[in-house]
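Some notes on the structure that comes next.
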Amino acid sequence: MPANPSTTTKPQGSIAIQIIPVKTAVEQEWFFDVPAVVYANDPNWVPPLRSSIAKQLASTNPFFQYGRLQQFVAVRGEEIGERGKEAKPSLLGRIVAVVNDRLIDREGQKVGLFGYFECVPDFTVAKALLDAACQWLREQGMTIVRGPIDLSTHNNCLFLVDGFDSPPMMMMPYNPPYYPQFVEQDGWQKAKDAYAYNFPLDKPLSPEFEKGYRIALKSGVTFRPLRTKGEGFEQDCISLYNLFTKAFSNNWSSTPRTQEEFLEEAKDLQSLVDPDVFPIAEYNGEMIGFWMGLPDYNIPLKHVNGKLNWLGILKFLWYRRQIDQGRVIAICSLPEFRRKMVPLGLIYLGMQGGIQKGKPYKRAELSWVYEDNFPSRKLIEASGGTIYKTYRIYEKALVDQVVNQLPSASRP
Numbered sequence: 001m002p003a004n005p006s007t008t009t010k011p012q013g014s015i016a017i018q019i020i021p022v023k024t025a026v027e028q029e030w031f032f033d034v035p036a037v038v039y040a041n042d043p044n045w046v047p048p049l050r051s052s053i054a055k056q057l058a059s060t061n062p063f064f065q066y067g068r069l070q071q072f073v074a075v076r077g078e079e080i081g082e083r084g085k086e087a088k089p090s091l092l093g094r095i096v097a098v099v100n101d102r103l104i105d106r107e108g109q110k111v112g113l114f115g116y117f118e119c120v121p122d123f124t125v126a127k128a129l130l131d132a133a134c135q136w137l138r139e140q141g142m143t144i145v146r147g148p149i150d151l152s153t154h155n156n157c158l159f160l161v162d163g164f165d166s167p168p169m170m171m172m173p174y175n176p177p178y179y180p181q182f183v184e185q186d187g188w189q190k191a192k193d194a195y196a197y198n199f200p201l202d203k204p205l206s207p208e209f210e211k212g213y214r215i216a217l218k219s220g221v222t223f224r225p226l227r228t229k230g231e232g233f234e235q236d237c238i239s240l241y242n243l244f245t246k247a248f249s250n251n252w253s254s255t256p257r258t259q260e261e262f263l264e265e266a267k268d269l270q271s272l273v274d275p276d277v278f279p280i281a282e283y284n285g286e287m288i289g290f291w292m293g294l295p296d297y298n299i300p301l302k303h304v305n306g307k308l309n310w311l312g313i314l315k316f317l318w319y320r321r322q323i324d325q326g327r328v329i330a331i332c333s334l335p336e337f338r339r340k341m342v343p344l345g346l347i348y349l350g351m352q353g354g355i356q357k358g359k360p361y362k363r364a365e366l367s368w369v370y371e372d373n374f375p376s377r378k379l380i381e382a383s384g385g386t387i388y389k390t391y392r393i394y395e396k397a398l399v400d401q402v403v404n405q406l407p408s409a410s411r412p
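Residue 1 is where the sequence shown starts when you use the UniProt record's numbering, and the numbers rise one by one after that.
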């Protein structure tokens, strides 16, 4: 009998599928290996850094101070005999079921999450994984499940549903087209869409943006690049954290990070920042806005196969010279400074920084923006951005599943 509990299913005409709750180091390695199986022939896939995923799921992650999770991996069931005494089985998929207590407290409902979903093109595998995650969440008392969200929306989230013809930019999701098809076939409903906007840099901004920049300056606002070294970097990151927390506190399905979490993530990005595309707005010495642009490091990461060992680092340094595009992660201004034209000033400076002499950028992506964030969308579209990718988060009620499993005489 297997050492760990698992579920085996074999629908008619399909392979036997075993869903294994990840508990051992060997099973953890299987979990990490799944994406390479799923995307083996996909030219647009960029392997995530294995160390980054391992760090997110490690017990040292501050997430575990307010959340819990269970990882599952799907394998070919007939290949499993006595566990730990045979070669790795054929990997079919993976999923993580997540309870984020901060999100539950904020929303006032028992909402669970699923994330880190990967699956071969077989609906029975997808359903078995989703069922396993939902059952675990049901056992934790959850009544709604939402995803894909990897622990929180500050990590990877969303399924790509339109725009599969190009690789993802840095820190953006990517998946086969059948993922959204499978979850919809399983009865999941759209919760919210989000968009990625494309900015070709060969088209000049409207004169209104430079005018807005001049108005902001006359209003007493000052602009400067993000500091990237020493104490200045740490001070700017603390200011960014405070501004993030204040400006994005009401974002849907999101909860604030601790300062410790934010600074840890910032350190990982410190060496990647191009200050010319990361302008800061200040008023009386206080940070009141920013344009967060980063070079698209997915271009060199595509060549390192998810591992920054000595060979991976050499490849990264070599291929980073090919970076010719960037991602704008956020444009932020405190509401009381929008009339001082701070957002327009930041867009003007960010775009000017990207097209100045010596810069390699040919285009930028601004991502992601929720479909109902109309003020931001209006500003982005006025500056020349056009939607070219669409993403989606899904939801499903767990209560309905419990009712459907009751004998007909017991149903209300």
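All residues carry an ideal CB built from backbone N, CA and C; glycine is no exception.
Item to check | Status (buried if at least 16 other CB within 10 Å, exposed otherwise) for G187 | outcome: Here residue 187 is taken as the residue at index 187 of the sequence shown, counted from 1. Using a 10 angstroms sphere on the CB of G187, the tally of other CB atoms stays under 16, which defines it as exposed.
Next on the checklist: Taking the beta carbon of F72 as the centre, do at least 16 other beta carbons fall within 10 Å, making it buried, or is it exposed?
Outcome noted: What you label residue 72 is simply residue 72 of the sequence shown in a count that begins at 1. The residue is buried, with at least 16 neighbouring Cβ atoms inside 10 Å.
Checklist entry - By Cβ distance below 8 Å, which residues in the same chain neighbour Y348 in space, the five residues on each side in sequence not counted? => result Numbered from 1 along the sequence shown, position 348 holds the residue referred to as residue 348. Excluding positions up to five away in sequence, the list reads L205, F209, E210, G212, Y213.
Next on the checklist: Out of Y394, S383, R392, T153, which one is the CA nearest neighbour of Y197?
Outcome noted: Taking the sequence shown and counting its residues from 1, one reaches residue 197 at position 197. Measuring from the Cα of Y197, the nearest candidate turns out to be S383.
Item to check | Any 3 or more C-beta pairs closer than 8 Å across the region 253-262 and the region 101-113 | outcome: Contact holds: three or more Cβ-Cβ distances are below 8 Å.
Checklist entry - Pairing CB atoms from the region 165-173 with CB atoms from the region 120-132, are three or more of them under 8 Å? => result The answer is no - the region 120-132 does not touch the region 165-173, with fewer than three Cβ pairs under 8 Å.
Checklist entry - Looking at C-alpha atoms only, which residue of K359, V161, Y319, G93 is the closest neighbour of I387? => result Taking the first residue of the sequence shown as 1, we reach residue 387 at position 387. Looking from the CA of I387, the closest CA among K359, V161, Y319, G93 belongs to V161.
Checklist entry - Is it buried or exposed for P2, if we count other Cβ within 10 angstroms and need 16 for buried? => result Sequence index remark: in the sequence shown, residue 2 carries index 2 (1-based). With a pLDDT of 38 at P2, under the threshold of 50, the modelled position of that residue is not reliable, and no figure is offered here.
Next on the checklist: Quick check on R363: does DSSP put it in helix, strand or coil?
Outcome noted: Here residue 363 corresponds to residue number 363 of the sequence shown, with the count starting at 1. When secondary structure is reduced to three states using DSSP, R363 falls in the strand class.
Item to check | Straight-line gap, L366 to P200 (C-alpha atoms, nearest Å) | outcome: Residue 366 sits at position 366 when you count from the first residue of the sequence shown. Residue 200 sits at position 200 when you count from the first residue of the sequence shown. The alpha-carbon of L366 is positioned some 11 Å away from that of P200.
Item to check | CB-CB length for L137 against V145, believed under 8 Å | outcome: Position 137 of the sequence shown, counted from the start, is the residue given in the question as residue 137. Position 145 of the sequence shown, counted from the start, is the residue given in the question as residue 145. Their Cβ separation, rounded to whole angstroms, is 5 Å, which keeps L137 and V145 in contact under 8 Å.
Item to check | K192 - DSSP class collapsed to helix/strand/coil | outcome: Walking along the sequence shown from the start, residue 192 turns up at place 192. Of the three classes helix, strand and coil, the one that applies to K192 here is strand, per DSSP.
Checklist entry - If you pair each beta-carbon of the region 214-229 with each one of the region 363-382, do three or more pairs fall below 8 Å? => result Taking 8 Å as the limit for Cβ pairs, the verdict is that the region 363-382 does not touch the region 214-229.
Item to check | Minimum length 3: unbroken beta strand (DSSP E) runs contained in the region 77-159 | outcome: Runs of beta strand (DSSP E) with 3 or more residues, each lying fully within the region 77-159, are found at 91-100, 111-119, 144-147, listed in chain order.
Next on the checklist: My assumption, with CB atoms under 8 Å, is that G67 sits in contact with L151. Please give the rounded CB distance.
Outcome noted: Position 67 of the sequence shown, counting from 1, holds the residue named residue 67. Position 151 of the sequence shown, counting from 1, holds the residue named residue 151. Rounded, the Cβ-Cβ distance is 7 Å, consistent with contact.
Checklist entry - Between the Cα of P375 and the Cα atoms of Y361, E29, Y394, I331, which residue gives the shortest distance? => result For the purposes of this step, residue 375 is identified with residue 375 of the sequence shown, where counting begins at 1. Cα-wise, what sits closest to P375 is I331.
Checklist entry - On the three-state DSSP scale, how would you describe S333? => result The residue you call residue 333 lines up with position 333 of the sequence shown. Reduced to three states, the DSSP call for S333 is strand.
Next on the checklist: By the three-class DSSP mapping on this structure, what secondary structure does G285 have?
Outcome noted: The residue you call residue 285 lines up with position 285 of the sequence shown. In the structure shown, G285 sits in coil (DSSP, three-state: anything other than H, G, I, E or B).
Item to check | Assigned exposure category for V26 - 16 Cβ within 10 Å defines buried | outcome: Against the sequence shown, residue 26 aligns to sequence position 26. Around the beta carbon of V26, a 10 Å sphere encloses fewer than 16 other beta carbons of the protein chains shown; the residue is thus reported as exposed.
Next on the checklist: If you reduce the DSSP assignment to three classes, tell me which class D276 lands in.
Outcome noted: In the sequence shown, residue 276 corresponds to position 276, counting from 1. Reduced to three states, the DSSP call for D276 is helix.
Checklist entry - So what does T24 bridge to, in DSSP terms? => result As a first step, residue 24 must be located in the sequence shown, where it is residue number 24. T24 pairs with nothing; no bridge assigned.
Item to check | Extent of the continuous beta strand (DSSP E) to which R224 belongs | outcome: The residue given as residue 224 occupies position 224 in the sequence shown. R224 -> beta strand (DSSP E) spans 221-225.
Checklist entry - So, is D296 buried or exposed, given that buried needs 16 or more other C-beta atoms within 10 angstroms? => result Residue 296 sits at position 296 when you count from the first residue of the sequence shown. Note on D296: 16 or more other CB atoms within 10 angstroms of its CB, so buried under the neighbour-count rule.
Item to check | Through-space distance from Y195 to W45, alpha-carbon basis | outcome: As a first step, residue 45 must be located in the sequence shown, where it is residue number 45. As a first step, residue 195 must be located in the sequence shown, where it is residue number 195. Cα to Cα, the separation comes out at about 19 Å.
Checklist entry - Got a sec? Which residues, its chain only, sit under 6 Å from I215 by beta carbon, not counting five neighbours each side? => result Along the sequence shown, one-based indexing puts residue 215 at 215. Counting only Cβ-Cβ distances below 6 Å, and skipping sequence neighbours, we find M341.
Checklist entry - Where D193 and Y394 are concerned, what is the direct C-alpha to C-alpha distance, given to the nearest angstrom? => result As a first step, residue 193 is located in the sequence shown; it is residue number 193 there, counting from the start. As a first step, residue 394 is located in the sequence shown; it is residue number 394 there, counting from the start. Taking the straight line joining both Cα atoms gives about 9 Å.
Next on the checklist: Beta-carbon within less than 8 Å of L269's beta-carbon, same chain only, minus the 5 sequence neighbours each way: which residues are those?
Outcome noted: Counted from its first residue, the sequence shown places residue 269 at position 269. L294.
Checklist entry - How about G353 and V277: are their beta carbons less than 8 Å apart? => result Walking along the sequence shown from the start, residue 353 turns up at place 353. Walking along the sequence shown from the start, residue 277 turns up at place 277. V277 sits close to G353, with the two beta carbons spaced by under 8 Å.
Checklist entry - Among T153, K203, G232, T60, which one has its Cα closest to the Cα of N250? => result Here residue 250 corresponds to residue number 250 of the sequence shown, with the count starting at 1. Of all alpha-carbon atoms in T153, K203, G232, T60, the one lying nearest the alpha-carbon of N250 is that of T153.
Item to check | Sequence-distant residues of the same chain with beta carbon closer than 8 Å to K85, five excluded per side | outcome: The sequence position of residue 85 within the sequence shown is 85, counting from 1. Reliability fails at K85, whose pLDDT of 49 lies under 50, so the model's placement of it is uncertain and no value is given.
Next on the checklist: Which of the three DSSP states is assigned to I17 in this structure?
Outcome noted: In the sequence shown, the residue the question calls residue 17 occupies position 17. In the three-state reduction of the DSSP assignment, I17 falls in the strand class, which pools E and B.
Checklist entry - Nearest CA to the CA of V96: which residue from N156, S90, T143? => result Counting from one through the sequence shown, the residue named residue 96 turns up at place 96. Taking only the C-alpha atoms, the option nearest V96 is N156.
Item to check | Where the alpha helix (DSSP H) containing Y348 begins and where it ends | outcome: Position 348 of the sequence shown, counting from 1, holds the residue named residue 348. Under the DSSP assignment, Y348 falls in the alpha helix (DSSP H) whose first and last residues are 342-355.
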